RNA sequence: CGGAGUGUGGCUCAGUCUGGUAGAGCACCGCGUUCGGGACGCGGGGGUCGCAGGUUCAAAUCCUGCCACUCCGACCA
């Protein structure tokens, strides 16, 4: 891969991948750090992307039979005591509310000692416990099942180190929670939503992923099985972009979620949960961004086409603006990717060249430059953000207004597909399947002679057979991998018929697993 | 919380070693010339140099403590 991304065209400096990432977040006007530790301010353009994610994913969640609802931000502390693995998994990162009033003592404002809560409230890190509690009241009979709900919410996890979009102490997400009569139905639901995430990620975000099952040590606290979609970033690292958990009867047992089956027996439900978060935006940045800034897939671009009018403080300006407004209207009549085209005429009092580059940095898929000559000649001059440059020159093309409008759906679809294909090719080219032993893998990922720190980061993943060890044996493997900064990502859903020997133990393999560095 | 690094206008940084009136480029404001293109000239606004102490006639610069951020670990959607 060895792709040397730089921020040179954005800020005038070359630098490392993390610097590049931060530069894009800033230059594309997506978000900024807030005065609140670890939490981000999502700016309008960034939030617009999130709204597009919400709209397109929400439709899919509803099409698969789920309904939205809303549960409280605060969860009574005692709720977490019920499921041992769950509390252990989250205990170290919980924000806790202990008081309900402030008081000024010696001029210093602080919690009022007299206003201590009898039972502290936890700011939800996830909502299994409080939703499970509701399920236990909602579900009495097999006729009540399945219960299929989702909520769009914010959650808080007190992370040690934060990074905009990728890991923030507060983040936005959706969390689906379902209850079923049988283990088979629970498993089916878990896999169905994993597939929704895979399809969504690939067709809407244009971000290819590998869907698979997480190894035992990477499971969600309290889950029987965890599945994930893993995306490959341009530095070769894996990003866990979504998870779907088969919770079995763990939470049902802990929270008394039971129903009477048709035979009259009182039995526990099988529950699931699944979620994706604002982390997806970080994935989009690191999948599609380039040296000029962000490149947004048209399906999630808040504005798919931006018109920059060439205004010169002259009388003909009015004509250009009028033509621009008419063009926005005309594009609004065009249906592409199933929806009217989202277009904007940027009339901000700013130099045209500035506006153009701002939209390049923000990643608007198509940027039209509309000048008096275009208006007179009925032509549209535009550039595609996905193929911005021809050498060092900006690749601008010109079509008649009619042809442009007629070809717009195909153009946006082509950009969407092109971004996907580019990322898919990168993913495919950077999974090594020819590494057979742990030592070979260590040599591959480790710092070799002549490799600098930077180069070792661009390794991609290894896919290899393994014997699916468990318990202490798995723990030992995890520790060995940790020394190489590697983790087990997932065992992909599509598996071959036969397997070579296990990369770790040499025993016969039972499935293939992905190994890589991760965010 | 462990290791390393960095804190100087909105951004990127110089100045710190060797204490002596706070700088540059970009961004911003004004005027003008330009302008199918990240233009140029002139003028201008904006910084208690992360915070708090200390040393000194004098501190961005030296000393002590603290804080924040970045990277690498641990943790993690």
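Residue numbers (this note's numbering): 535 to 1053. Even for Gly, the Cβ is constructed at its ideal location relative to N, Cα and C. In this text, all values refer to a predicted model and were calculated from it rather than measured experimentally.
Item: Which one or two residues does DSSP pair with residue 689 in a beta bridge?; Value: 705
Item: If you measure between the beta carbons of residue 960 and residue 979, is that distance less than 8 Å?; Value: no
Item: Give me the residue from 750, 852, 964, 703 with the minimum Cα distance to residue 629.; Value: 703
Item: Tell me residue 923's beta-bridge partners as DSSP assigns them.; Value: 928
Item: Rank 725, 885, 789, 904 by C-alpha distance to the C-alpha of residue 879 and give the top, closest one.; Value: 904
Item: Expressed to the nearest angstrom, what Euclidean distance is found between the alpha-carbon atoms of residue 712 and residue 780?; Value: 10 Å
Item: Considering only their Cβ atoms, is the gap separating residue 707 from residue 811 smaller than 8 Å?; Value: yes
Item: Out of curiosity, what's the CA-to-CA distance linking residue 864 and residue 625?; Value: 54 Å
Item: Does the ligand FMN have even one heavy atom less than 7 Å from the beta-carbon of residue 830?; Value: The model depicted lacks the ligand FMN and carries no ligand whatsoever.
Item: Write down every uninterrupted run of the beta strand (DSSP E) in the region 930-962 whose length is 3 residues or greater and which is fully enclosed by it, in chain order.; Value: 930-934
Item: Is the region 877-896 in contact with the region 814-829, if contact means three or more CB pairs nearer than 8 Å?; Value: yes
Item: Of all the beta strand (DSSP E) runs that stay within the bounds of the region 855-931, which reach a length of 3 or more residues?; Value: 877-879, 900-904, 913-918
Item: If you reduce the DSSP assignment to three classes, tell me which class residue 637 lands in.; Value: strand
Item: Please work out which residues of its chain come closer than 6 Å, Cβ to Cβ, to residue 953, disregarding the five sequence neighbours upstream and downstream, and give them in chain order.; Value: 740, 822, 831, 920
Item: For residue 658 versus residue 611, is the C-beta distance shorter than 8 Å?; Value: no
Item: Which residues share a DSSP beta bridge with residue 794?; Value: 675, 800
Item: Taking the continuous alpha helix (DSSP H) assigned at residue 732, which residues delimit it?; Value: 717-737
Item: Put residue 600 into one of helix, strand or coil per three-state DSSP.; Value: coil
Item: Give me the residue from 900, 583, 718 with the minimum Cα distance to residue 922.; Value: 900
Item: Between which two residues does the alpha helix (DSSP H) harbouring residue 648 extend?; Value: First-last for residue 648: undefined, no H or E at that position.
Item: Jot down the residue ranges of each uninterrupted beta strand (DSSP E) in the region 814-850, minimum 3 residues, whole runs only, in chain order.; Value: 839-843
Item: Would you kindly check if the distance between the Cβ of residue 661 and the Cβ of residue 617 is under 8 Å?; Value: no
Item: According to DSSP, residue 1025 sits in a beta bridge with which residue or residues?; Value: 747
Item: According to the Cβ coordinates, are residue 877 and residue 841 closer than 8 Å?; Value: yes
Item: For residue 1023 versus residue 764, is the C-beta spacing smaller than 8 Å?; Value: yes
Item: Please classify residue 767: does DSSP put it in a helix, a strand, or coil?; Value: coil
Item: Pick out whichever of 609, 815, 786, 686 has its Cα sitting closest to the Cα of residue 716.; Value: 786
Item: Do the CB positions of residue 579 and residue 557 come within less than 8 Å of each other?; Value: no
Item: Do residue 838 and residue 862 have their CB atoms nearer than 8 Å?; Value: no
Item: Is the Cβ-Cβ distance between residue 735 and residue 775 less than 8 Å?; Value: yes
Item: Taking Cβ positions, are residue 995 and residue 969 nearer each other than 8 Å?; Value: no
Item: Between 940, 768, 724, 745, which has its C-alpha nearest residue 757's C-alpha?; Value: 724
Item: What are the residues that DSSP puts in a beta bridge with residue 714?; Value: 804
Item: Are the beta-carbon atoms belonging to residue 1046 and residue 1002 less than 8 Å from one another?; Value: no
Item: Can you tell which of 574, 554, 759 has its C-alpha closest to the C-alpha of residue 813?; Value: 574
Item: Using a Cβ-Cβ cutoff of less than 7 Å, which residues in the same chain neighbour residue 570 once the five nearest sequence positions on both sides are dropped?; Value: none
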